[in-house]
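Colleague: The structure is given below, and queries will be raised subsequently.
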Amino acid sequence: MHSLIFLEGIPGSGKSTLLQFLSERFPSVPAYREGDLSPIELAWCSELSIPAYETLRSRYPALDAEIRAHSRQEGERMHVAYTQIRTDDPAFYAEWEQYEIYSGRRDPAEFRDILLRRYQAYAEEQRRAFTPAIFECSLFQNSIEEWMLHICPPEEEIFRFYREVFSRFAGVPLTLIRLIPQDMARSIDAICRERVNEQGEEIWYQMMMDYLNGSAYGRRHPFRTREDLLAHFRRRTDLERRIIADCFPGKYLELESRAYDPEAILAELQ
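Residue numbers (this note's numbering): 1 to 270.
The structure is reproduced here in structure tokens:
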């Protein structure tokens, strides 16, 4: 493998399955899943000052070793993969969640600067000594939802952000694999049926609707039906495609989710 690999697609498109397959075929290549302490992405992670980190860590002495194991310092900031820490105390997750950078928790300028700074630092590291890696949901999944649902700027501002992101990677080999369901409605229905609780309730669907309606966009344009959810993912998929056509500088593979030939992907990556 001679490239950084980015795996993207809407929920349920098979990104994690493909990442697992590639990890097994390339066991020496680092693979970053959503929620990991990634060198670029901060989904499901806290981002906070060192004093705030020390204060919050001191409240959970029984979890101190685990917190430390899932923490990393970058400059004067701490990053914590708190969702990977196991506890029955819901207050623990609520306290660390407030330090995420997503869901409108940061000023748009700060949000943008955090991500661009991390992309820049990682790209510079790769230009000095290239090391292949595989990333799940590290270009679009979380950041484009933030732009579409919470920041809600004119589209051109979103395009400018991604032009800046990709300009950071000048000289670094990139491959973007995006998984697209042939029938998005059927795919979303399948996810809703699969992700249920013990009572058979569609908890993923309700969670998504709560998330969408809690956003700035959702408060102005309420999501009421499954068709509204589907329309959002279609809108996002279209926006991603136009951004890629506008400014993505590397190799781009668009594959039908759950219907691609894994060996053909390997041939593309050799």
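Where is the CB? At the ideal position from N, CA and C, for every residue including glycine.
Within the same chain, show all residues whose beta-carbon is closer than 6 Å to that of S23, passing over the 5 residues directly before and after it, in chain order.
Modeller: Annotation for S23: A31 place their beta carbon closer than 6 Å to its own, counting only its chain and skipping 5 residues before and after.
Colleague: Rounded to whole angstroms, what's the CA-CA distance from A133 to P173? Just pull it up for me.
Modeller: 11 Å
Colleague: Is the beta carbon of F140 less than 8 Å from the beta carbon of E240?
Modeller: yes
Colleague: Give the range of the alpha helix (DSSP H) segment to which F159 is assigned.
Modeller: E155 to R168
Colleague: Going by DSSP, what residue range makes up the alpha helix (DSSP H) through F111?
Modeller: P108 to R128
Colleague: For A62, does the count of other Cβ atoms within 10 angstroms reach 16, so buried, or fall short, so exposed?
Modeller: exposed
Colleague: Can you name, in chain order, every residue of its own chain whose Cβ lies under 8 Å from the Cβ of E155, other than the five neighbours on each side?
Modeller: L239
Colleague: Closer than 6 Å by C-beta to Y53: which residues in its own chain qualify, once you throw out the five before and the five after it? Chain order, please.
Modeller: Residues of the same chain with a CB within less than 6 Å of the CB of Y53, apart from the 5 flanking positions on each side, are M78 in chain order.
Colleague: Contact defined as beta carbons within less than 8 Å: I believe L179 pairs with G9. What is the distance between those atoms, to the nearest angstrom?
Modeller: 4 Å
Colleague: Name the residue from Y60, R106, R72 and R105 whose alpha carbon lies nearest to the alpha carbon of D88.
Modeller: Y60
Colleague: What's the call for S292, buried or exposed, on a 16-neighbour Cβ count within 10 Å?
Modeller: Not covered by the structure: residue 292. The range shown for the chain is 1 to 270.
Colleague: I want to know whether the stretch 263-270 touches the stretch 189-206 - three or more CB-CB distances under 8 Å.
Modeller: Output reads no: the stretch 189-206 does not touch the stretch 263-270.
Colleague: Measuring CB to CB, does R68 end up less than 8 Å from A123?
Modeller: no
Colleague: What is the DSSP secondary structure of I10, reduced to helix, strand or coil?
Modeller: coil
Colleague: Determine which residues share a DSSP beta bridge with E176 and list them.
Modeller: A quick correction: the sequence has Leu, not Glu, at residue 176. In the DSSP output, where bridge partners are listed per residue, L176 has F6 and Y252.
Colleague: Provide the residue span of the beta strand (DSSP E) that contains A133, from first to last.
Modeller: In the DSSP assignment, A133 falls within the beta strand (DSSP E) that extends over A133 to E136.
Colleague: Using a threshold of 8 Å, state whether the C-beta atoms of T175 and I5 are closer than that.
Modeller: yes
Colleague: For the structure I just gave you, are there three or more beta carbon pairs, one from the stretch 206-226 and one from the stretch 107-121, closer than 8 Å?
Modeller: Judged by Cβ distances under 8 Å, the stretch 206-226 makes no contact with the stretch 107-121, as fewer than three pairs qualify.
Colleague: Work out the CA separation of E164 and A43 for me, nearest whole Å.
Modeller: When the Cα atoms are used, A43 and E164 turn out to be separated by approximately 20 Å.
Colleague: Per DSSP, what kind of secondary structure is S49 in: helix, strand or coil?
Modeller: If DSSP states are grouped into helix, strand and coil, S49 belongs with the strands.
Colleague: Let me confirm a value: S49 is counted as buried when at least 16 other C-beta atoms fall within 10 Å, else exposed. Which label applies?
Modeller: exposed
Colleague: Identify every run of the beta strand (DSSP E) within the stretch 174-215, keeping only runs that are complete inside it and at least 3 residues long; order them along the chain.
Modeller: 174-180
Colleague: Buried or exposed for T131, please, with buried defined as at least 16 other CB atoms from any protein chain shown within 10 angstroms of its CB.
Modeller: exposed
Colleague: With S16 and E100 assumed to form a contact (beta carbons below 8 Å), what rounded beta-carbon distance in angstroms separates them?
Modeller: In fact, because the Cβ distance is near 20 Å, the residues do not count as touching under 8 Å.
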